[in-house]
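Engineer:
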Amino acid sequence: MILVTGAAGALGMLVAERLADRDDTVLGTREPQRLKAPLPVRQIDFDEPGTLAGGFEAVEVLLLISAGYGEDDTVTARHGAAIDAAEKAGVGHVVYTSLTTDGDHLPYALPHRWTERRLQASTMDWTILRNGLYAELLGGLAAPSADGRITAPLGEGRLAAVARADLADAAARVTLEASAHAGRVYELVGEQAIGGADLARAHGPHVTYEPETLAQARTRIAASGAEPFQVPMLVGTYSAIASGFMSRTGSDLRQLLGRAPHSPLAAALA
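Going by my numbering, the final residue of the sequence shown carries number 273, and the count climbs one at a time with no gaps.
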């Protein structure tokens, strides 16, 4: 049996769509009553370890979609509880959606690297998908204002952004053929690096790119109602892109997909 956790999240829902015609797949979410899906749904709440033992029962392959909404210690506790429970339940293989190698410069990298080490020290087979940042995320972080200005503090930096649909396709493929990918770490970023000026041109001649400073962005994000932990996460993401650390495009994505990845610009603007 295959279990997909985080099935109510954006990536999890896309993976669930790709596995919807299978009779050996179940979905996991903390609020199963809210998930409308053709597949069976189990309550899986990483913040409530008591839900995990039954949730992982009879699971052979676990697609562990990272639960990154929170401070580092919260996220590592969630992932640690999930891996502990998977071991006790006899899960044979865990596929984990991690963070691109160049993401070590991002404020939220630590829980991903911690989880990778925990998996590699576990009793289970494992595969690590080091996902790049979503093109859709960049499209939101650098969206034009009502007067047609993109002010995100990206400087001249570019991001090797990847369409979320491509990452869902890759995750589904690897999960279905897990044994063939045991012990592998895949780098899954886009094949085109895009920045603020590229986004402005893609939006059309009515949009200009006039980047703000990181300090201005911090003030704007803090005033937007963001959670306290989100402010440094978002500012740090801008900073890593602007500083040129997120533009490298070498990737295993095309190999796993068996096709060319989608255009990150098209995904960002969608």
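Where is the CB? At the ideal position from N, CA and C, for every residue including glycine.
With distances taken from CA atoms, which of Val44, Gly71, Ala263 is nearest Asp169?
Structural biologist: Ala263
Engineer: Closer than 7 angstroms by C-beta to Arg176: which residues in its own chain qualify, once you throw out the five before and the five after it? Chain order, please.
Structural biologist: Leu259
Engineer: For Arg81, which residues in the same chain have their Cβ closer than 7 angstroms to its Cβ, ignoring the five residues on either side in sequence?
Structural biologist: Phe49, Asp50, Ala70
Engineer: Assign Gly143 to one of three DSSP states: helix, strand, or coil.
Structural biologist: helix
Engineer: Nearest by alpha-carbon distance to Gly198: which of Ala173, Gly247, Thr222 is it?
Structural biologist: Gly247
Engineer: Would you mind sorting Ala229 into buried or exposed? The rule is 16 or more other CB atoms within 10 Å of its CB.
Structural biologist: exposed
Engineer: Does Thr126 pass the burial test, meaning 16 or more other C-beta atoms within 10 Å, or should it be called exposed?
Structural biologist: exposed
Engineer: Contact check, Pro35 vs Ala23 under 8 angstroms by CB: the rounded distance?
Structural biologist: So it is not a contact: roughly 16 angstroms between Cβ atoms.
Engineer: Anyone know if the C-beta pair for Leu217 and Ser242 falls short of 7 angstroms?
Structural biologist: Taking 7 angstroms as the cut-off, the Cβ atoms of Leu217 and Ser242 count as close.
Engineer: Determine the burial state of Gly227: buried for a count of at least 16 other Cβ atoms within 10 Å of its Cβ, exposed for fewer.
Structural biologist: Just to set this straight, residue 227 is Ser in the shown sequence, not Gly. That one is exposed.
Engineer: Out of Ala84, Pro147, Leu237, point me to the one whose CA is closest to Tyr212's CA.
Structural biologist: Selected option, being the one with the closest Cα: Pro147.
Engineer: Could you tell me the alpha carbon to alpha carbon distance between Tyr99 and Glu159, rounded to whole angstroms?
Structural biologist: Distance between the alpha carbons of Tyr99 and Glu159: 32 angstroms.
Engineer: By DSSP, does Leu122 sit in helix, in strand, or in coil?
Structural biologist: Correct three-state label for Leu122: helix.
Engineer: What separation, rounded to the nearest whole angstrom, lies between the Cα atoms of Gly207 and Glu180?
Structural biologist: Taking the Cα positions, Gly207 is about 42 angstroms away from Glu180.
Engineer: Using CA coordinates, which residue listed in Val64, Leu17, Thr103 is at the minimum distance from Ile86?
Structural biologist: The residue with the shortest Cα to Cα distance from Ile86 is Val64.
Engineer: Excluding the five sequence neighbours on either side, which residues of its own chain have a C-beta within less than 8 angstroms of the C-beta of Phe112, listed in chain order?
Structural biologist: Before going on, a small fix: residue 112 reads as Ala here, not Phe. Closer than 8 angstroms at Cβ, skipping near neighbours: Leu102, Gly106.
Engineer: Compare the C-alpha of His96 against each of Ala171, Leu66, His115, Arg120 and name the closest.
Structural biologist: Leu66
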